[in-house]
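Chains as they are written, first to last, in numbering that gives the first Met the number 0: chain Y, 0 to 416; chain V, 0 to 119.
Think of the CB as a built atom: it goes at the ideal place given N, C-alpha and C, for glycine as much as any other residue.
Written out below as structure tokens is the structure these notes cover.
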Amino acid sequence: MLNYDLVVVGGGPAGMAAALKAKEEGVEKIVILERAQTLGGILEQCIHTGFGLHYFGEELSGPEYAGRFIELVEKTDIDVFTDTMVLNISDSKVVTAVNNNEGLMQFQAIAVVLAMGCRERPRGALSIAGSRPSGIMTAGTAQKYVNIDGYMPGKKVVILGSGDIGLIMARRMTLEGAEVKVVCELMPYSGGLTRNIVQCLDDFGIPLRLSCTVIKTHGKERLEGVTIAKVDERLQPIPGTEEYIECDTLLLSVGLIPENELSKDVGVELDRVTSGPVVDEYRETLKPGIFACGNVLQVHDLVDYVTEESQIAGKGAADYIFGKKKGGTFINTKGIDGVRYIVPQRVNIEGTEKLKLYFRVGQVYTGAKVVVECDGEILSSRKKVKLAPGEMENVVITPEMLAKMNENSEITVRIEQ
Amino acid sequence: MKKSLICVSCPLGCPIEVEIENGEVVAVTGNTCKRGDAYARAEITNPVRSLTTSVKVENGMYAVVPVKSSGPVPKDKMFDCMKKINAVTVKAPVKIGDVVIENILDLGVDIIATNCDPGI
Ligand SMILES: Cc1cc2nc3c(=O)[nH]c(=O)nc-3n(C[C@H](O)[C@H](O)[C@H](O)COP(=O)(O)OP(=O)(O)OC[C@H]3O[C@@H](n4cnc5c(N)ncnc54)[C@H](O)[C@@H]3O)c2cc1C
Ligand code: SF4
Numbered sequence: 000m001l002n003y004d005l006v007v008v009g010g011g012p013a014g015m016a017a018a019l020k021a022k023e024e025g026v027e028k029i030v031i032l033e034r035a036q037t038l039g040g041i042l043e044q045c046i047h048t049g050f051g052l053h054y055f056g057e058e059l060s061g062p063e064y065a066g067r068f069i070e071l072v073e074k075t076d077i078d079v080f081t082d083t084m085v086l087n088i089s090d091s092k093v094v095t096a097v098n099n100n101e102g103l104m105q106f107q108a109i110a111v112v113l114a115m116g117c118r119e120r121p122r123g124a125l126s127i128a129g130s131r132p133s134g135i136m137t138a139g140t141a142q143k144y145v146n147i148d149g150y151m152p153g154k155k156v157v158i159l160g161s162g163d164i165g166l167i168m169a170r171r172m173t174l175e176g177a178e179v180k181v182v183c184e185l186m187p188y189s190g191g192l193t194r195n196i197v198q199c200l201d202d203f204g205i206p207l208r209l210s211c212t213v214i215k216t217h218g219k220e221r222l223e224g225v226t227i228a229k230v231d232e233r234l235q236p237i238p239g240t241e242e243y244i245e246c247d248t249l250l251l252s253v254g255l256i257p258e259n260e261l262s263k264d265v266g267v268e269l270d271r272v273t274s275g276p277v278v279d280e281y282r283e284t285l286k287p288g289i290f291a292c293g294n295v296l297q298v299h300d301l302v303d304y305v306t307e308e309s310q311i312a313g314k315g316a317a318d319y320i321f322g323k324k325k326g327g328t329f330i331n332t333k334g335i336d337g338v339r340y341i342v343p344q345r346v347n348i349e350g351t352e353k354l355k356l357y358f359r360v361g362q363v364y365t366g367a368k369v370v371v372e373c374d375g376e377i378l379s380s381r382k383k384v385k386l387a388p389g390e391m392e393n394v395v396i397t398p399e400m401l402a403k404m405n406e407n408s409e410i411t412v413r414i415e416q
Numbered sequence: 000m001k002k003s004l005i006c007v008s009c010p011l012g013c014p015i016e017v018e019i020e021n022g023e024v025v026a027v028t029g030n031t032c033k034r035g036d037a038y039a040r041a042e043i044t045n046p047v048r049s050l051t052t053s054v055k056v057e058n059g060m061y062a063v064v065p066v067k068s069s070g071p072v073p074k075d076k077m078f079d080c081m082k083k084i085n086a087v088t089v090k091a092p093v094k095i096g097d098v099v100i101e102n103i104l105d106l107g108v109d110i111i112a113t114n115c116d117p118g119i
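So this is what it looks like as structure tokens:
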């Protein structure tokens with residue numbers, strides 16, 4: 000058994016930022032366990048730019064953003080085990096992992112940070128008729144093929160789902176000579192960032208069809224085409240609107256799910272909407288000493304926010320390790336009227352620092368107000384030009400606001416049109 | 000004449016209104032920062048984009064290494080740049096920041112590596 004103060008599961012931007020912050024706070028023995036060959040997480044395959052504008056004040060590509068943190072980690076005495084897959088975390092915080100060289104390993108931790116990221120929703124999650132010819136894959140898999148393995152998975156492409164990875168891959172495959180015929184989105188709005196619709200689709204004249212889905216795939220060995228159709232308000236295909244599109248590749252970009260098998264096994268309570276752990280403002284789960292940050296906690300679209308959130312978790316873990324974590328009185332936060340969820344779900348009203356509540360809305364709003372309320376009193380109300388499900392928003396809670404609350408209070412965030 | 004744009008300079012994606020008179024930009028509104036102003040003006044006169052792609056590596060740990068243009072390139076030159084980039088192969092080891100193609104198509108920008116490959 001190896002003894003560590005802090006064990007970080009996952010070496011993406013979340014795990015690295017949490018480990019570095021804990022180090023900065025003075026935690027001595029820290030280890031990062033990463034199942035891939037290198038640190039960096041999913042950023043290694045996100046070669047487009049747009050990372051780090053908030054955090055570094057410059058526009059970096061994914062590998063460059065990750066590279067900055069890898070360099071920082073290498074300068075510290077944080078231990079890193081790559082090619083190491085974590086299999087289990089026990090109630091007493093023994094982390095079991097397996098590695099080709101050392102076989103089974105066990106780490107006794109005082110605190111654990113969960114930073115396993117997320118994975119893409121696979122085809123199984125969809126109901127598309129037709130056999131399973133090759134040429135159907137998630138957009139992230141195609142991203143890995145093109146950007147890491149260096150080969151193109153197809154020439155004529157249809158993309159289902161307008162999440163950012165799908166949009167980015169539409170441009171990537173077009174630049175490499177493929178013809179992206181259409182991007183179909185089931186919802187009446189895109190799940191991706193507006194800038195990606197502009198620079199990945201509009202720039203290349205790729206049509207985005209909203210309220211539209213793929214209902215059937217054609218071809219036996221290799222995909223030969225798909226049938227798409229419009230959908231009604233209940234998201235059901237409308238008969239008579241079917242259209243056949245010839246293609247050899249169908250990319251799925253239909254959402255990400257936090258990777259929480261390990262969290263579930265150790266009994267960490269999950270939020271039904273985010274599919275990530277329920278946490279307080281220090282990003283501690285309901286299991287004392289187990290923290291979570293990054294995409295395992297909530298799906299992020301900006302890595303800068305991942306870093307910010309992970310530093311909070313790293314600081315929280317350090318405080319826990321040093322026994323500095325004060326008790327407190329925790330109350331719940333709740334998203335209502337258009338606000339789908341809030342992270343953190345719990346807030347310490349004895350807290351003395353300003354904190355941010357992150358949330359996502361369920362539909363597109365223009366000119367609506369974000370209203371924060373507690374015990375019938377409006378704490379803040381801010382008008383927003385635009386709110387969209389694809390973009391994470393936040394509101395600030397100040398210590399002065401917290402001072403007025405009691406153990407029965409509940410903070411709500413809602414959208415007022 | 001008014002034109003609505005979305006600034007793509009950063010992920011905030013601010014909606015911008017540009018007021019154009021006789022082909023000249025007279026006012027830019029809606030931008031959160033200076034970059035938005037510059038973006039809007041360029042978008043009307045000479046639209047540019049930064050380019051990211053990958054190049055083949057010889058003796059690399061991976062088959063390709065990602066690259067980016069050191070500055071934005073004219074939008075209508077992107078495919079010409081791609082042709083040039085796809086014709087080259089770099090030899091591992093590659094470091095972040097290595098220049099892969101200098102002054103591509105005389106556009107005044109370099110193509111530089113954005114990841115390292117220590118080689119095999
Ligand atoms: C396919 C895909 C493409 C994406 N593309 C973009 C994009 O283009 N632009 C963008 O802004 N955001 C993108 N994202 C979102 C991006 O993931 C986040 O911005 C950020 O990388 C999240 O950081 P993270 O550290 O939480 O997760 P990750 O970067 O996913 O890192 C998690 C790490 O944990 C490791 N891990 C998981 N389980 C275990 C285990 N049991 N044992 C050991 N290690 C484990 C994984 O190998 C991984 O390295 C993408 C996400 C996915 C899934
Ligand atoms: S105006 Fe500034 S803040 Fe807004 S999208 Fe452009 S670069 Fe980003």
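Whole-angstrom C-beta distance between residue j and residue i, which should lie under 8 Å
i             : j             : result
residue 212/Y : residue 185/Y : 5 Å
residue 244/Y : residue 230/Y : Residue 244/Y to residue 230/Y, Cβ: 16 Å. No contact.
residue 293/Y : residue 114/Y : 5 Å
residue 117/Y : residue 257/Y : 5 Å
residue 51/V  : residue 46/Y  : 5 Å
residue 103/V : residue 110/V : 5 Å
residue 49/Y  : residue 11/Y  : Their Cβ separation, rounded to whole angstroms, is 17 Å, which puts residue 49/Y and residue 11/Y out of contact at 8 Å.
residue 8/Y   : residue 261/Y : 7 Å
residue 39/V  : residue 5/V   : Not quite, the Cβ-Cβ distance comes to about 10 Å (not below 8 Å), so this is no contact.
Beta bridge counterpart(s) of residue i as assigned by DSSP
i             : result
residue 80/V  : Paired residue(s): none; residue 80/V is not in a bridge.
residue 305/Y : Bridge partners of residue 305/Y: none, in fact.
residue 61/V  : In DSSP, residue 61/V forms no bridge with anything.
residue 391/Y : DSSP output for residue 391/Y lists no bridge partner at all.
residue 200/Y : Paired residue(s): none; residue 200/Y is not in a bridge.
residue 279/Y : 345/Y
residue 284/Y : DSSP output for residue 284/Y lists no bridge partner at all.
residue 427/Y : As displayed, chain Y neither begins before 0 nor continues past 416, which places residue 427/Y out of reach and without an answer.
residue 415/Y : 368/Y
residue 321/Y : Answer is none; residue 321/Y lacks a bridge partner.
residue 208/Y : 183/Y
residue 385/Y : 365/Y
For residue i, the three-state DSSP class (helix, strand or coil)
i             : result
residue 73/Y  : helix
residue 417/Y : Residue numbering for chain Y in the displayed model covers 0 to 416; residue 417/Y lies beyond these limits and cannot be assessed.
residue 242/Y : strand
residue 264/Y : helix
residue 359/Y : strand
residue 326/Y : coil
residue 16/V  : strand
residue 334/Y : strand
residue 94/V  : coil
residue 46/V  : coil
residue 107/V : coil
residue 224/Y : strand
residue 311/Y : helix
residue 11/V  : coil
residue 74/V  : helix
residue 215/Y : strand
residue 28/Y  : coil
residue 119/Y : strand
residue 316/Y : helix
#### Entry: Runs of beta strand (DSSP E) lying entirely within the region 165-191 of chain Y, each at least 3 residues, in chain order
178-184
### Query
Below 8 Å, can you find three or more Cβ-Cβ pairs linking the region 55-73 of chain V to the region 141-156 of chain Y?
yes
### Query
Quick one: complete alpha helix (DSSP H) runs, 4+ long, within the region 38-113 of chain Y?
61-74
#### Entry: Touch test, the region 4-16 of chain V against the region 32-47 of chain V, Cβ-Cβ under 8 Å, three pairs minimum
yes
#### Entry: Stretch-stretch touch, CB-based, cutoff 8 Å, three pairs: the region 283-294 of chain Y with the region 306-320 of chain Y
yes
### Task
Count the CB pairs spanning the region 366-374 of chain Y and the region 290-306 of chain Y that are closer than 8 Å, and state whether there are at least three.
Because the criterion of three Cβ pairs below 8 Å is not met, the region 366-374 of chain Y and the region 290-306 of chain Y do not touch.
### Query
Would you call the region 86-93 of chain Y and the region 23-41 of chain Y touching, i.e. three or more CB-CB distances under 8 Å?
Touching, no, given that fewer than three Cβ pairs across the two stretches are closer than 8 Å.
### Query
Residue ranges of each beta strand (DSSP E) run of no fewer than 3 residues wholly in the region 123-165 of chain Y, ordered along the chain?
If we require 3 residues or more, the beta strand (DSSP E) runs fully inside the region 123-165 of chain Y come out as 135-137 and 155-159.
### Task
Answer yes if the region 64-84 of chain V comes into contact with the region 165-172 of chain Y, meaning at least three C-beta pairs across the two stretches below 8 Å, and no otherwise.
no
### the region 300-307 of chain Y in contact with the region 259-273 of chain Y per 3-pair CB rule at 8 Å
no
### Message
Using 8 Å as the cut-off, can you tell me whether the region 42-61 of chain V makes contact with the region 72-91 of chain V, which would need three or more C-beta pairs spanning the two stretches below that distance?
### Response
Contact between the region 42-61 of chain V and the region 72-91 of chain V is present, because at least three Cβ pairs lie under 8 Å.
### Message
Taking contact to mean 3 or more Cβ pairs, one atom from each stretch, closer than 8 Å, check whether the region 121-140 of chain Y and the region 96-107 of chain Y are in contact.
### Response
No: the two stretches stay apart, fewer than three of their Cβ pairs being nearer than 8 Å.
### Task
Determine, using beta-carbon pairs with one atom in the region 202-218 of chain Y and one in the region 60-67 of chain Y, whether at least three such pairs fall under 8 Å.
no
### Message
Taking contact to mean 3 or more Cβ pairs, one atom from each stretch, closer than 8 Å, check whether the region 183-203 of chain Y and the region 90-104 of chain V are in contact.
### Response
no
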